[in-house]
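**Student:** If you count by this note's numbering, then the sequence shown holds residues 20 to 383, one letter each, in order.
Where is the CB? At the ideal position from N, CA and C, for every residue including glycine.
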Amino acid sequence: MVPRQVRHGVTASAPVRRPYCALDVAAERGDVKSRTLHETLLVTVFGQGMTESRYDVAVLVPCYNEARAIAKVVADFRAALPDATIYVYDNNSTDGTVEAALRAGAVVRRETHQGKGHVVRRMFNDIEADIYVLVDGDATYDAPSAPAMIEKLIGDRLDMVVASRIDRDAAAYRPGHRAGNHMLTAFITHIFGRAFSDILSGYRVFSRRFVKSFPILSGGFEIETELTVHALELELPVGEIPTPYYSRPAGSASKLSTWHDGFRILWTVLKLYRAERPLALFGSLGIALAIMSVGLAIPLVITYVQEGLVPRLPTAVLATGLMLVAFLSIACGLILDTVTRGRREVKLIAYLALRAPGEERRRS
20 MVPRQVRHGV TASAPVRRPY CALDVAAERG DVKSRTLHET LLVTVFGQGM
70 TESRYDVAVL VPCYNEARAI AKVVADFRAA LPDATIYVYD NNSTDGTVEA
120 ALRAGAVVRR ETHQGKGHVV RRMFNDIEAD IYVLVDGDAT YDAPSAPAMI
170 EKLIGDRLDM VVASRIDRDA AAYRPGHRAG NHMLTAFITH IFGRAFSDIL
220 SGYRVFSRRF VKSFPILSGG FEIETELTVH ALELELPVGE IPTPYYSRPA
270 GSASKLSTWH DGFRILWTVL KLYRAERPLA LFGSLGIALA IMSVGLAIPL
320 VITYVQEGLV PRLPTAVLAT GLMLVAFLSI ACGLILDTVT RGRREVKLIA
370 YLALRAPGEE RRRS
């Protein structure tokens, strides 16, 4: 028997049939090297059930036309996290998503600004909790993995845990989406450093400190990229757990466009690179322009030394202009880098003003 759950905890109040979950995926992939350790982790999460945790857990589900899937999402997370409050934020659905969510027992609210980023911003602003579970409403993510993700967040005192998707169905992960995710992950890794293998995962667990100090600017599906870059830029403690990923229920369709949203996400990455690494961006541009200017000027200088004349005046003007722009670009990079450091300090001050994960209840 599993100990009865304390109000606001995250454990079950009755015997639990252990579902297939993230820990099984980790064992299959070799991430958990010992079967003994594997079973110990399963006992910790599903048997004893984190009896020391008495946290308010909020499950946040942004939805747009997910009437066929939302009831299953609510039911699965209610079974995995019995005392969590499940919030469904509807984003102008027209297929009965609101009614289905209400019948399933979720707290339903609305956000009229279209786009997932707007919905997540509203949820982060409105909802007060100690731990936040963010998941899409399409029933493709594994709800039984949530206790393991929360355990990792609390046990390792992290601010974000990302579910790395391991597809269980051939149709779960479209080839275009998979290729785009790998490309963007590699690009982010090159620019900001490696921390995740799946930056576009829509299944994440956050501490209150992360949620209440994160200034969301994006309005669409690029919100996952912004969450990732924010954590990497501030060097926040984060983690990742492999979890099963399933195909959508029959009759539902993905709202993500491979090309349109892919380019939007890539554009967001470039904007974040400009905002967070201005010296690298403008410095590289300045160096490239300076090299071009020198390349154009060398033949002119040789001719001038030999003959005392500058026969190609337009080329000389172009070389001079490129060098001036190169110096301006480097100067802009230096100035913007100072501004970026100031903004980063402000973000860190807002972040450090909140209690660390695991300290909310202990100090109250």
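Below 6 Å CB to CB, which residues in the same chain sit around Ala103 once its five sequence neighbours on both sides are set aside?
**Tutor:** Start at 1 with the first residue of the sequence shown, and residue 103 comes out as number 84. Excluding sequence neighbours, Ala103 sits near Val76, Val78.
**Student:** Taking Asp175 as the reference, give the member of Val224, Ile105, Gly340, Leu343 with the closest Cα.
**Tutor:** By one-based count along the sequence shown, residue 175 stands at place 156. The option with the nearest alpha carbon to Asp175 is Val224.
**Student:** Leaving out the 5 sequence neighbours to the left and right, which residues in its chain are closer than 7 Å to His11 when beta-carbon positions are compared?
**Tutor:** Given a span of 20 to 383 for the chain in the structure shown, any question on residue 11 remains unanswerable.
**Student:** Could you check the C-alpha separation between Ile105 and Gly361 for me, to the nearest Å?
**Tutor:** To locate residue 105, count along the sequence shown from 1; it is residue 86. To locate residue 361, count along the sequence shown from 1; it is residue 342. Each residue's alpha carbon lies about 37 Å from the other.
**Student:** Looking at the unbroken beta strand (DSSP E) that takes in Ser183, where does it start and where does it end?
**Tutor:** As a working mapping, residue 183 is identified with position 164 in the sequence shown. That run of the beta strand (DSSP E) goes 179–186.
**Student:** How would you write the range of the alpha helix (DSSP H) that Asp145 sits in, first residue to last?
**Tutor:** On the sequence shown, position 126 is the one that residue 145 refers to. 135–145 is the span of the alpha helix (DSSP H), which, as asked, contains Asp145.
**Student:** Can Ala316 and Ala294 be called in contact, C-beta distance under 7 Å?
**Tutor:** Translated into the one-based positions of the sequence shown, residue 316 becomes position 297. Translated into the one-based positions of the sequence shown, residue 294 becomes position 275. The answer is no: Cβ separation not under 7 Å.
**Student:** With three or more C-beta pairs closer than 8 Å as the rule, is the segment 197–205 touching the segment 90–104?
**Tutor:** no
**Student:** Only counting runs of 4 or more residues, tell me where the alpha helix (DSSP H) segments fall wholly within the segment 145–177, in order along the chain.
**Tutor:** 165–174
**Student:** Which residue's Cα is closest to the Cα of Tyr264: Trp286, Asp157, Ser226?
**Tutor:** Locating residue 264 in the sequence shown gives position 245, counting from the first residue. Closest option to Tyr264, Cα to Cα, is Asp157.
**Student:** Can you find the residues in the same chain that come closer than 7 Å, C-beta to C-beta, to Gly115, ignoring five residues on each side of it along the sequence?
**Tutor:** Position 96 of the sequence shown, counted from the first residue, corresponds to residue 115. Contacts found: Ala86.
**Student:** Residues bridged to Ala259 by DSSP?
**Tutor:** The residue you call residue 259 lines up with position 240 of the sequence shown. Here residue 259 turns out to be Glu, not Ala, going by the sequence shown. In the DSSP output, where bridge partners are listed per residue, Glu259 has Val181.
**Student:** What first and last residue would you give for the alpha helix (DSSP H) that runs through Asp114?
**Tutor:** Numbered from 1 along the sequence shown, position 95 holds the residue referred to as residue 114. Note, Asp114: premise wrong, no alpha helix (DSSP H); not H, not E.
**Student:** Quick check on Ala103: does DSSP put it in helix, strand or coil?
**Tutor:** For this step, residue 103 is matched to residue 84 along the sequence shown. Three-state DSSP puts Ala103 in coil, outside helix and strand.
**Student:** Measure the C-alpha to C-alpha separation of Asn111 and Ile306 and round it to an integer number of angstroms.
**Tutor:** Here the question's residue 111 lines up with position 92 in the sequence shown. Here the question's residue 306 lines up with position 287 in the sequence shown. About 48 Å.
**Student:** Are there 16 or more other CB atoms within 10 angstroms of the CB of His209, so buried, or fewer, so exposed?
**Tutor:** Residue mapping note: residue 209 aligns to position 190 of the sequence shown, counting from 1. Looking at its Cβ environment, which holds fewer than 16 other Cβ atoms inside 10 Å, His209 is exposed.
**Student:** Is Thr244 near Val181, with beta carbons less than 7 Å apart?
**Tutor:** Locating residue 244 in the sequence shown gives position 225, where the first residue counts as 1. Locating residue 181 in the sequence shown gives position 162, where the first residue counts as 1. Not closer than 7 Å, so no.
**Student:** Comparing C-alpha positions only, which one of Leu255, Val154, Ser348, Val313 sits nearest to Leu300?
**Tutor:** Residue mapping note: residue 300 aligns to position 281 of the sequence shown, counting from 1. Among Leu255, Val154, Ser348, Val313, the Cα nearest to that of Leu300 belongs to Ser348.
**Student:** Hey, out of Ile310, Glu241, Ile218, whose CA is closest to Trp286's CA?
**Tutor:** Counted from its first residue, the sequence shown places residue 286 at position 267. Here the closest residue by C-alpha is Glu241.
**Student:** In the DSSP output, which residue or residues are listed as bridge partners for Ser226?
**Tutor:** In the sequence shown, residue 226 corresponds to position 207, counting from 1. Answer is Ile150.
**Student:** Return yes when the Cβ of Val127 is within less than 7 Å of the Cβ of Val107, no when it is not.
**Tutor:** Counted from its first residue, the sequence shown places residue 107 at position 88. Counted from its first residue, the sequence shown places residue 127 at position 108. Cβ distance < 7 Å, so Val107 and Val127 count as in contact.
**Student:** Output needed for Ala345: all residues of its chain with C-beta closer than 6 Å, excluding positions within five of it in sequence on either side, in chain order.
**Tutor:** Walking along the sequence shown from the start, residue 345 turns up at place 326. Around Ala345: Gly305, Leu308, Ala309.
**Student:** Can Asp161 and Thr262 be called in contact, C-beta distance under 7 Å?
**Tutor:** The residue you call residue 161 lines up with position 142 of the sequence shown. The residue you call residue 262 lines up with position 243 of the sequence shown. The answer is yes: Cβ separation under 7 Å.
**Student:** Within 10 angstroms of its Cβ, does Glu259 collect 16 or more other Cβ (buried), or is it exposed?
**Tutor:** Here residue 259 refers to the residue found at position 240 of the sequence shown. Burial call: buried.
**Student:** Going by DSSP, what residues sit across from Val80 in a beta bridge?
**Tutor:** Position 61 of the sequence shown, counted from the start, is the residue given in the question as residue 80. Answer by DSSP bridge pairing, in chain order: Val107.
**Student:** Alpha carbon to alpha carbon, what distance is there between Ala372 and Met168?
**Tutor:** To locate residue 168, count along the sequence shown from 1; it is residue 149. To locate residue 372, count along the sequence shown from 1; it is residue 353. Rounded to the nearest whole angstrom, the C-alpha separation of Met168 and Ala372 is 24 Å.
**Student:** Using only CA atoms, which one of Leu353, Leu341, Leu332 lies nearest to Leu298?
**Tutor:** Within the sequence shown, the letter at position 279 stands for residue 298. Here the closest residue by C-alpha is Leu353.
**Student:** Can you look up Val288 in the DSSP assignment and give me helix, strand or coil?
**Tutor:** If you number the sequence shown from 1, residue 288 lands on position 269. If DSSP states are grouped into helix, strand and coil, Val288 belongs with the helices.
**Student:** Just mark Thr113 as buried or exposed, buried being the case when its beta carbon has 16 or more other beta carbons within 10 Å.
**Tutor:** Numbered from its first residue, the sequence shown carries residue 113 at position 94. By the Cβ neighbour-count rule, Thr113 is exposed, with fewer than 16 other Cβ atoms within 10 Å of its own.
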